[in-house]
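Using this note's numbering, the first residue of the sequence shown is number 197, and each one after it goes up by one.
Built from N, CA and C at the ideal position, the CB exists for glycine as well.
Working notes, beginning with the structure itself.
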Amino acid sequence: MRLDCFVGKGGDAQENEGVKDTIQLLEENLSTSNSLVDLSAMNEVSLHRNASPHMVAINISIENRFLTQAVADGLIIATPTGSTAYSCSAGGPIVYPSMEAMLLTPICPRSLSFRPLVLPADLHVQLALDPKSRSTAELMVDGIGIKTIHPGESVEIRRSDHPIHIFSPPSPNTFVHDHWINDLNMMLNFNRSYQSKESG
Numbered sequence: 197m198r199l200d201c202f203v204g205k206g207g208d209a210q211e212n213e214g215v216k217d218t219i220q221l222l223e224e225n226l227s228t229s230n231s232l233v234d235l236s237a238m239n240e241v242s243l244h245r246n247a248s249p250h251m252v253a254i255n256i257s258i259e260n261r262f263l264t265q266a267v268a269d270g271l272i273i274a275t276p277t278g279s280t281a282y283s284c285s286a287g288g289p290i291v292y293p294s295m296e297a298m299l300l301t302p303i304c305p306r307s308l309s310f311r312p313l314v315l316p317a318d319l320h321v322q323l324a325l326d327p328k329s330r331s332t333a334e335l336m337v338d339g340i341g342i343k344t345i346h347p348g349e350s351v352e353i354r355r356s357d358h359p360i361h362i363f364s365p366p367s368p369n370t371f372v373h374d375h376w377i378n379d380l381n382m383m384l385n386f387n388r389s390y391q392s393k394e395s396g
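Structure below.
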């Protein structure tokens, strides 16, 4: 699946031309004060405090209903395909790639009560940088900086109307899920004892 992302107007738009050449699976439309940029990404969209020493304060709403304010190093919105990438490193869940879901994963939140969320893919998620936030946030697509989000600006993320089809190599006499299961075993060292992990 893809995600559409709309950035609220305001601030100076700084487009990274190199992002147009990246592998593209997550669709984004970035509406800035003077341009409209169509972007795509493989795994996730994230807001991050970048080099600032201060955490960002991000107001999270779902379907225009306020959920909570996250004071953290940042937030990640990932697809199931991206659940084994940046989101996983930040403590997010691993989601089967064919599921229709969005993952909201905080990056080092100040409050320990703020846990990762798995949301239905048909919801609209709004992320607004609080006007009193002590830091700006860098909008990133697969780790590539796209635009600086200033206090008062917002980002809306939703599922795209244009799905992505992912193909797995065929294997005779095996279940279709075997490739994903084998990849997890290799990546996370499932079913291996502590001693064998140390020796390996």
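Spatial distance of residue i from residue j (CA atoms)
{"i": "L315", "j": "R198", "result": "14 Å"}
{"i": "M398", "j": "Y282", "result": "Residue 398 cannot be examined here, being either before or after the span of the chain that is shown, 197 to 396."}
{"i": "R245", "j": "F386", "result": "33 Å"}
{"i": "M251", "j": "I272", "result": "15 Å"}
{"i": "A297", "j": "A317", "result": "4 Å"}
{"i": "F310", "j": "A268", "result": "10 Å"}
{"i": "A266", "j": "N381", "result": "33 Å"}
{"i": "I360", "j": "S350", "result": "26 Å"}
{"i": "N260", "j": "L323", "result": "10 Å"}
{"i": "S285", "j": "T275", "result": "14 Å"}
{"i": "R330", "j": "H346", "result": "10 Å"}
{"i": "F262", "j": "A253", "result": "14 Å"}
{"i": "D200", "j": "D379", "result": "28 Å"}
{"i": "V241", "j": "V203", "result": "12 Å"}
{"i": "Y292", "j": "S279", "result": "8 Å"}
{"i": "W376", "j": "A333", "result": "34 Å"}
{"i": "R388", "j": "L313", "result": "29 Å"}
Cβ-Cβ separation, residue j to residue i (assumed contact under 8 Å), whole Å
{"i": "M238", "j": "T301", "result": "Incorrect: roughly 16 Å between the Cβ atoms, too far for contact."}
{"i": "I303", "j": "G270", "result": "4 Å"}
{"i": "P327", "j": "G348", "result": "5 Å"}
{"i": "L299", "j": "G287", "result": "At roughly 11 Å, the Cβ-Cβ gap does not stay under 8 Å, so L299 and G287 are not in contact."}
Three-way DSSP call (helix, strand, coil) for residue i in this model
{"i": "N255", "result": "strand"}
{"i": "G270", "result": "strand"}
{"i": "D338", "result": "coil"}
{"i": "I377", "result": "helix"}
{"i": "T264", "result": "strand"}
{"i": "C284", "result": "helix"}
{"i": "M295", "result": "coil"}
{"i": "L323", "result": "strand"}
Strand pairing of residue i, partner residues [DSSP]
{"i": "V241", "result": "I273 and V337"}
{"i": "P312", "result": "According to DSSP, P312 bridges with nothing at all."}
{"i": "F202", "result": "E352"}
{"i": "I303", "result": "G270"}
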